[in-house]
Amino acid sequence: MSALRGRFIAFEGGEGAGKSTQARLLAEALRARGYTVVTTREPGGTPGAEAIRDLLLQPPGQNGWPAQAEALLFAAARSDHVAHLIRPALGRGEWVICDRFVDSSRAYQGAAGELGDQAITALHAFGSDGLRPDRVILLEGDEVILADRLAKRGQTADAIEGRSAAYHRAVVAFFRELADADPQGFASIDGVGTPAAVHERILIALEDLVA
Ligand code: TYD
105 MSALRGRFIA
115 FEGGEGAGKS
125 TQARLLAEAL
135 RARGYTVVTT
145 REPGGTPGAE
155 AIRDLLLQPP
165 GQNGWPAQAE
175 ALLFAAARSD
185 HVAHLIRPAL
195 GRGEWVICDR
205 FVDSSRAYQG
215 AAGELGDQAI
225 TALHAFGSDG
235 LRPDRVILLE
245 GDEVILADRL
255 AKRGQTADAI
265 EGRSAAYHRA
275 VVAFFRELAD
285 ADPQGFASID
295 GVGTPAAVHE
305 RILIALEDLV
315 A
């Protein structure tokens, strides 16, 4: 392996957890240390995946996607994103910071959507060769505080954000299960506090990966 080693960091968490802000702050901190950093998001990140994003978040027609089609579309978007953006950047030795990745599919479609973890993991193995982040930053926080943050954002909910409180609770609970099962792969971060305070926690959780 060459000395030049890109790292792949994914931010995960429920709605309103502060992932986008923290992804941006981490990218800035790494750039200040001289790293080349690519920031991206899912669903999306490449023209093909962004087109699929629109289909997912604003489904055409009245019925929405069947659960299986939704999972396939997320996996298809991810396949394009991994092939055209993430793997090439890692191959160049760059850092990739991604706002959501496959664990969102495991939590939303697999757990809350009841398709099961095996199905989602199999789609990821087929679509993206099972690529895993070097570390997942799981941002957690009190349900009430996060709901309040979302309300203050004031955007209308998309097709997934607008699902029931029980659905979103199942998402958050499954993220916790994933983190508990893989303490090396996940860093659970308390997302409550000022952006700067949460950012400090994240830097500490990544100390071993930052040379
Ligand atoms: P986005 O506006 O990016 O939401 P957020 O700011 O909360 O990250 O919309 C992405 C939505 O798609 C969000 O509700 C989570 C959902 N999602 C899945 O259901 N499965 C997935 O695999 C991914 C990546 C996202």
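Each residue of the sequence shown is one higher than the last, beginning at 105 in our numbering.
For each residue, glycine too, the CB sits at the ideal point set by N, CA and C.
Computed from a predicted model, the values in this text were never measured in an experiment.
Sub-8 Å separation of residue i and residue j beta-carbons
{"i": "ARG210", "j": "GLY289", "result": "no"}
{"i": "GLU244", "j": "GLY117", "result": "yes"}
{"i": "ALA215", "j": "VAL141", "result": "no"}
{"i": "ASP221", "j": "ALA114", "result": "no"}
{"i": "GLU146", "j": "PHE205", "result": "yes"}
{"i": "HIS303", "j": "GLU119", "result": "no"}
{"i": "HIS185", "j": "THR225", "result": "no"}
{"i": "GLY168", "j": "ALA261", "result": "no"}
{"i": "LEU176", "j": "LEU160", "result": "no"}
Cβ-based burial, residue i [other Cβ within 10 Å; buried from 16]
{"i": "SER232", "result": "buried"}
{"i": "LEU134", "result": "buried"}
{"i": "GLU132", "result": "exposed"}
{"i": "ALA136", "result": "exposed"}
{"i": "ALA270", "result": "exposed"}
{"i": "GLY295", "result": "buried"}
{"i": "ALA127", "result": "buried"}
{"i": "ALA301", "result": "exposed"}
{"i": "GLY217", "result": "buried"}
{"i": "LEU313", "result": "exposed"}
{"i": "GLU174", "result": "buried"}
{"i": "ALA283", "result": "buried"}
Distance between residue j and residue i (C-alpha atoms, nearest Å)
{"i": "ALA309", "j": "ALA291", "result": "6 Å"}
{"i": "GLY152", "j": "HIS188", "result": "10 Å"}
{"i": "GLY258", "j": "LEU307", "result": "29 Å"}
{"i": "ILE201", "j": "ARG182", "result": "14 Å"}
{"i": "ARG109", "j": "LYS123", "result": "24 Å"}
{"i": "GLY197", "j": "GLN213", "result": "32 Å"}
{"i": "ALA107", "j": "GLN162", "result": "Since pLDDT at ALA107 reaches only 49, below the 50 mark, its modelled position is unreliable, and the value read off the structure follows with that caveat. One C-alpha to the other measures close to 43 Å."}
{"i": "LEU242", "j": "PHE112", "result": "14 Å"}
{"i": "PRO299", "j": "GLN166", "result": "39 Å"}
{"i": "GLY223", "j": "ILE249", "result": "Position check: residue 223 holds Ala in this sequence, whereas Gly was assumed. Between ALA223 and ILE249, the C-alpha separation is close to 32 Å."}
{"i": "PHE230", "j": "ARG236", "result": "13 Å"}
{"i": "GLU311", "j": "ASP203", "result": "20 Å"}
{"i": "ARG157", "j": "ALA180", "result": "10 Å"}
{"i": "PRO192", "j": "GLY297", "result": "35 Å"}
{"i": "ALA121", "j": "GLY195", "result": "30 Å"}
For residue i, the first and last residue of its enclosing beta strand (DSSP E)
{"i": "ILE224", "result": "First-last for ILE224: 221 to 232, but that is the alpha helix (DSSP H), not the beta strand (DSSP E)."}
{"i": "GLU304", "result": "That residue, GLU304, is in no beta strand (DSSP E); its alpha helix (DSSP H) goes 299 to 309."}
{"i": "GLY145", "result": "Correcting the residue type first, residue 145 is Arg in the shown sequence and not Gly. Where ARG145 is concerned, the enclosing beta strand (DSSP E) stretches over 141 to 145."}
Continuous alpha helix (DSSP H) stretch holding residue i: start and end
{"i": "ALA261", "result": "Counting along the chain, ALA261 falls outside any alpha helix (DSSP H), and DSSP gives it neither H nor E."}
{"i": "VAL200", "result": "Careful: VAL200 lies outside any alpha helix (DSSP H), inside the beta strand (DSSP E) at 199 to 203."}
{"i": "ALA155", "result": "151 to 161"}
{"i": "ARG280", "result": "269 to 285"}
{"i": "VAL206", "result": "206 to 209"}
{"i": "PRO192", "result": "191 to 195"}
{"i": "ALA127", "result": "123 to 136"}
Bridge-paired residues (DSSP) for residue i
{"i": "VAL186", "result": "Answer by DSSP bridge pairing: none, since VAL186 is not bridged."}
{"i": "VAL240", "result": "ALA114 and PHE290"}
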